[in-house]
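S.K.: Pasting in a structure now, in structure tokens, and then I'll have a few things to ask.
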Amino acid sequence: MSAIIEEILKLKEQRNAIILSHNYQRDEVQDIADFIGDSLELSRTAAEIDCDVIVFCGVHFMAESASILSPDKTVLLPELGAGCPMADMIQVSSPRKVWKTFPGYETQPTFVFPHEFTLRDIKAKYPGVPVVAYVNTTAEVKAESDICCTSANVVKVIESLPDEKVICIPDRNLSMWAQKNTKKQIIAWDGFCHVHDRITKKDVLKAREEYPKAVFMAHPECRLEVLELADYVTSTSGMLRFAKSSDAGEFIVGTEIGLMHRLKKENPDKIFYPLRKDMICPNMKKTTLNSVLSALKEMRNVIKVSEDIRIPAKRALDRMLGIK
3 MSAIIEEILK
13 LKEQRNAIIL
23 SHNYQRDEVQ
33 DIADFIGDSL
43 ELSRTAAEID
53 CDVIVFCGVH
63 FMAESASILS
73 PDKTVLLPEL
83 GAGCPMADMI
93 QVSSPRKVWK
103 TFPGYETQPT
113 FVFPHEFTLR
123 DIKAKYPGVP
133 VVAYVNTTAE
143 VKAESDICCT
153 SANVVKVIES
163 LPDEKVICIP
173 DRNLSMWAQK
183 NTKKQIIAWD
193 GFCHVHDRIT
203 KKDVLKAREE
213 YPKAVFMAHP
223 ECRLEVLELA
233 DYVTSTSGML
243 RFAKSSDAGE
253 FIVGTEIGLM
263 HRLKKENPDK
273 IFYPLRKDMI
283 CPNMKKTTLN
293 SVLSALKEMR
303 NVIKVSEDIR
313 IPAKRALDRM
323 LGIK
């Protein structure tokens, strides 16, 4: 065991801390975590876990969710700069932050709505229509929404609402996939995850040709043209369960490459191929063992959501967590 890991474990015990890691984190960060999971699993764990400190190895909105659900705990985000471009693609009442270019695209993506169009604008355009917010959103956006969802439960969440029409924010690809699986009308925002959205039908056909025996698993943040070619569409936790239970011996993995670590570790007798080797989220890779150690040592980068935002945001998260 390295000196840095020993120090992390020692501090963790002293602080009564728990380390949570998203499935997309670096391999070595996943290996020191007490719990690794997808957004839904990590939300549940943050709400239920008995500790004083949560070290959240993920991105900003995830640490915010932990603070919303566990206001009595100190939530640390090892890298404050670990944000989420998709979460920034919708704001409550101000123009959204927009990147001019994204890596890995043959043709740069475009937006449907003008940059100054806000969550309140779309709510005003469709009065009374409930807002389903993907957890990949800021605390402020959650506070203005009716219920949250993840890629693992989006259809269940939509079906739980009595309304025949819903607004889904911010991921257009997740919304389109949900639309294929519900009779309700979905009004979709125009955001996207640039890691998943850059994947094309051509990439899938190339991988299929290269690995003809492999089963193709795809994340619902991918484009519909990709999802329609998949053998199985599911969240990262769903991919882990499917790979474990499947009789197949080879899999093409259509999500961020961080998941490959757990897939290989938990299924040593099976082979996994990344759909594209550049499916890397730079924000998820910002967290290192050094930044985890610094956060614990100095108790720095505390994420605390103010009560006026936390209470309505918690309502939206609790509604989601109440759906089994």
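Under this note's numbering, the first residue of the sequence shown carries the number 3, and numbering increases by one thereafter. Idealized CB from N, CA, C, for every residue including glycine. Keep in mind the model is a prediction, meaning the values are calculated, not measured.
(1) Is the beta carbon of C53 closer than 8 Å to that of I20?
(2) Could you give the uninterrupted runs of the alpha helix (DSSP H) lying entirely in the region 191-220, keeping only those of 4 residues or more?
(3) Across the region 271-288 and the region 250-259, are there enough close Cβ pairs to call them in contact, namely three or more that are closer than 8 Å?
(4) Alpha carbon to alpha carbon, what distance is there between V61 and M262?
(5) Go ahead and label D271 buried or exposed: buried means 16 or more other beta carbons lie within 10 angstroms of its beta carbon, across all protein chains shown.
(6) Please look up how many angstroms separate the CB atoms of L242 and L226, rounded, as I've assumed it's under 8 Å.
(7) In this structure, does DSSP put S23 in helix, strand or coil?
(8) Which two residues bound the contiguous alpha helix (DSSP H) that contains P327?
(9) Check whether the region 209-216 and the region 137-152 touch, using three or more Cβ-Cβ pairs below 8 Å as the test.
(10) Alpha carbon to alpha carbon, how far is H196 from L13?
(11) Could you have a look at T47 and say whether DSSP puts it in helix, strand or coil?
(12) Alpha carbon to alpha carbon, what distance is there between R200 and T109?
(13) On the CB-based measure, 16 or more other CB atoms within 10 Å of its CB, does W101 come out buried or exposed?
(14) Can you round the beta-carbon distance between A89 and N25 to whole angstroms, since I take them to be within the 8 Å contact cut?
(15) Out of V31, Q93, K208 and E211, state which residue places its alpha-carbon closest to the alpha-carbon of I171.
(16) Can you tell me where the alpha helix (DSSP H) holding L295 begins and where it ends?
(17) By the 10 Å Cβ neighbour count, where 16 or more other Cβ atoms means buried, how is E146 classified, buried or exposed?
(18) Would you give the residue range spanned by the alpha helix (DSSP H) that I160 belongs to?
(19) Taking 8 Å as the cut-off, decide whether the C-beta atoms of S237 and T152 are in contact.
(20) Near S72, what residues of its chain come up, given a Cβ to Cβ distance below 8 Å and the 5 sequence neighbours on each side ignored?
M.R.: In terms of the structure at hand:
(1) Between I20 and C53, the CB-CB gap stays under 8 Å.
(2) Taken in chain order, the complete alpha helix (DSSP H) segments of 4 residues or longer contained in the region 191-220 are 196-199 and 203-212.
(3) Yes: the two stretches touch, three or more of their Cβ pairs being nearer than 8 Å.
(4) Distance between the alpha carbons of M262 and V61: 19 Å.
(5) Looking at its Cβ environment, which holds fewer than 16 other Cβ atoms inside 10 Å, D271 is exposed.
(6) Not quite, the Cβ-Cβ distance comes to about 24 Å (not below 8 Å), so this is no contact.
(7) S23: strand per DSSP, three-state reduction.
(8) Because residue 327 is not part of the residues shown, which for the chain are 3 to 326, the question remains open.
(9) Fewer than three Cβ pairs drawn from the region 209-216 and the region 137-152 lie within less than 8 Å of each other, which leaves the two stretches out of contact.
(10) Cα to Cα, the separation comes out at about 36 Å.
(11) If DSSP states are grouped into helix, strand and coil, T47 belongs with the helices.
(12) T109 and R200 have their C-alpha atoms spaced approximately 9 Å apart.
(13) Result: exposed.
(14) In this structure A89 does not touch N25 by the C-beta definition: roughly 17 Å separates them, more than the 8 Å allowed.
(15) Residue Q93 is the option with its Cα nearest to I171.
(16) Residues L291 to E300.
(17) Of the residues assessed, E146 falls on the buried side of the cut-off, its CB having 16 or more other CB atoms within 10 angstroms.
(18) Residues V156 to S162.
(19) Annotated as proximal: S237 and T152, with beta-carbon spacing under 8 Å.
(20) These residues qualify, in order along the chain: A48, A49, I51 and I56.
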